[in-house]
Amino acid sequence: MWHGRPARAPSAVKIKNIKMQSNPTTGTLYIVGTPIGNLEDMTFRAIRILQTADFIAAEDTRHTGKLLQHFQIKTPQISYHEHNQHQRLPELLDKLHLGKDIALVTDAGMPGISDPGYELVKACADASINIIPIPGPTACIVGITASGLPTEKFVFEGFLPVKGQERQQSLETLQIESRTIILYESPHRLRQTLQDLANTLGRDRQIVLARELTKMHEEFWRGSIESAIELYTNREPQGEFTLVIAGIQTTAPIFSEDAIKAELQTLIAEGITRSQASRQLAQQTSLPRRQIYQLALTIGDNESLEQPLDDL
1 MWHGRPARAP SAVKIKNIKM QSNPTTGTLY IVGTPIGNLE DMTFRAIRIL
51 QTADFIAAED TRHTGKLLQH FQIKTPQISY HEHNQHQRLP ELLDKLHLGK
101 DIALVTDAGM PGISDPGYEL VKACADASIN IIPIPGPTAC IVGITASGLP
151 TEKFVFEGFL PVKGQERQQS LETLQIESRT IILYESPHRL RQTLQDLANT
201 LGRDRQIVLA RELTKMHEEF WRGSIESAIE LYTNREPQGE FTLVIAGIQT
251 TAPIFSEDAI KAELQTLIAE GITRSQASRQ LAQQTSLPRR QIYQLALTIG
301 DNESLEQPLD DL
């Protein structure tokens, strides 16, 4: 739901489009940013393009319909989302080749960020169809700029894979990432993701939980991953979350393979399993647990109760 008292369109008079790119034989695909929660973030330029385009390709026509109604925009919509993109793509390209202008919008923010907009943009680029971005807000950028964590270098990972080996591999890749990390997460998966981040990145890693961005109940919570877990033990997560996580400190010592194996031998000799030893050293060194476990497998077999790594 959008919040705030938004500005109205500057004019109901349609303004003729000006072609900005080199191919005059096709229409133009406009990549239009829309508010992520507050209608006052809608730009005059975005309103004009939505008014003057021949069609609007929308992720959810009902959701976008409310936006169009508010700004008195009558342009017809065409649904374009992850479930129909392969069937709809040729239709949109045909319209563009016939000289029609299409405005691509998503439910919130800039199209192509964690939605199927990329496929349409790529197809237009491959077909030499005019493409013009109309900038607007994006949750990942809004989140990091207000996080208080370093902004000069960052990596955006979107939503983590939900489960399985793909999720574990993604987490282990982040374990050695020195840049600030940005993730998206839904409220019903937040607790599990925080626990997984603690197990992989360490419980002391700094994190910012940004939720309800630009809306009435916007909130930025800052602290360690362990503190975030404690916060949401008795608090129900609400709203969509942008997670901004500190990268690994570049001053962390570099551990040689021989040093790690020596420490593994010591731990195993004390009676703990290879998997447990690998987990412990991963937290101490910030190296991928799977990498350490592979070294542990080269050490003498004296563990009758060993568990597979993926089971832990």
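312 is the number that UniProt numbering gives the last residue of the sequence shown; the numbers go up by one with no jumps. Even for Gly, the Cβ is constructed at its ideal location relative to N, Cα and C.
Do I176 and V155 have their C-beta atoms closer together than 9 Å?
-> In this structure, V155 does not lie closer than 9 Å to I176 by Cβ.
Using beta-carbon positions only, say whether L183 and L243 come within less than 9 Å of one another.
-> Yes, these two residues count as a Cβ contact at 9 Å.
Best match in V121, S170, T26 for proximity to T193 [C-alpha to C-alpha] = Closest by alpha carbon: S170.
Rounded to a whole number of angstroms, what is the C-alpha to C-alpha distance between Q85 and Q283?
-> Going by the C-alpha atoms only, they are around 42 Å apart.
Which residue spans inside the region 205 to 245 form an unbroken alpha helix (DSSP H) run of at least 4?
-> If only uninterrupted alpha helix (DSSP H) runs of at least 4 residues are considered, those enclosed by the region 205 to 245 are 225 to 231.
E82 - DSSP class collapsed to helix/strand/coil = In this structure, E82 counts as coil in the three-state DSSP scheme.
From this set, I272, I292, G65, A103, which residue's C-alpha is nearest S256's C-alpha?
-> For the residues I272, I292, G65, A103, the minimum Cα distance to S256 belongs to I292.
Would you mind working out which of P137, Y118, E240, L89 sits nearest D41, comparing C-alpha positions?
-> D41 has its Cα closest to that of P137, out of P137, Y118, E240, L89.
DSSP state of I176, grouped into three classes?
-> Residue state, collapsed to three classes: coil.
Report yes if the CB atom of I31 is closer than 9 Å to the CB atom of L98, and no otherwise.
-> Not a contact, by the Cβ cut-off of 9 Å.
Please confirm if the region 51 to 65 is in contact with the region 155 to 165, defined as three or more CB-CB distances below 8 Å between the two stretches.
-> A contact is defined here as three or more CB-CB pairs under 8 Å, and the region 51 to 65 fails this definition with respect to the region 155 to 165.
Find the nearest neighbour of A127 within the set I260, G27, L295, judged by alpha-carbon distance.
-> The shortest C-alpha separation from A127 is found at G27.
Do the region 229 to 244 and the region 61 to 70 touch if we need at least three Cβ pairs shorter than 8 Å?
-> Taking one beta carbon from each stretch, the region 229 to 244 and the region 61 to 70 have fewer than 3 pairs nearer than 8 Å; the two do not touch.
Which residues in the same chain have their Cβ closer than 6 Å to the Cβ of T285, if we skip the five residues on either side of it in sequence?
-> Excluding its 5 nearest sequence neighbours in each direction, T285 has C-beta neighbours in its own chain below 6 Å: F255, listed in chain order.
Where does the unbroken alpha helix (DSSP H) through A139 begin, and where does it stop?
-> DSSP places A139 in the uninterrupted alpha helix (DSSP H) bounded by 139 to 145.
CA nearest to the CA of G139, picked from L209, I102, G202 = The amino acid occupying residue 139 in the given sequence is Ala; Gly does not appear at that position. Comparing Cα positions, the closest option is L209.
Assuming Q206 contacts S224 under a Cβ cut-off of 8 Å, what Cβ separation, rounded to an integer in Å, is found between them?
-> Contact flag correct, Cβ pair sits at about 6 Å.
Taking Cβ positions, are R211 and G148 nearer each other than 9 Å?
-> The Cβ atoms of R211 and G148 lie no closer than 9 Å to each other.
Can you give the Cα-Cα distance for A252 and L174, rounded to whole angstroms?
-> For A252, the predicted model reports a pLDDT of 49, less than 50, meaning its position is unreliable; a value from the coordinates is still stated below. Per the coordinates, the alpha-carbon of A252 lies some 15 Å from the alpha-carbon of L174.
DSSP three-state assignment for residue 314, whether helix, strand or coil | Look at the range of the chain in this structure, 1 to 312, and you will see that residue 314 is not part of it.
Burial state of K95, where buried means 16 or more other Cβ atoms lie within 10 Å = Buried.
When you compare each of L267, S178, H188, A246 to Y232 by their alpha carbons, which one comes out closest?
-> Selected option, being the one with the closest Cα: H188.
Could you tell me which residues DSSP pairs with V155 in its beta bridges?
-> Per DSSP, I181.
Between N23 and L120, what straight-line distance do the alpha-carbon atoms span, to the nearest angstrom?
-> C-alpha separation (whole angstroms): 17 Å.
Hey, could you find the ends of the beta strand (DSSP E) A103 is sitting in?
-> Start and end: 102 to 105.
Between D101, D258, L93, T25, which lies nearest to T52 when the distance is taken from Cα to Cα?
-> Closest in C-alpha terms to T52, from the list D101, D258, L93, T25, comes D101.
Would you call the CB atoms of L213 and G143 closer than 9 Å?
-> Result yes, Cβ atoms of L213 and G143 sit closer than 9 Å.
Residue range of the beta strand (DSSP E) that N130 falls in?
-> Where N130 is concerned, the enclosing beta strand (DSSP E) starts and stops at 130 to 134.
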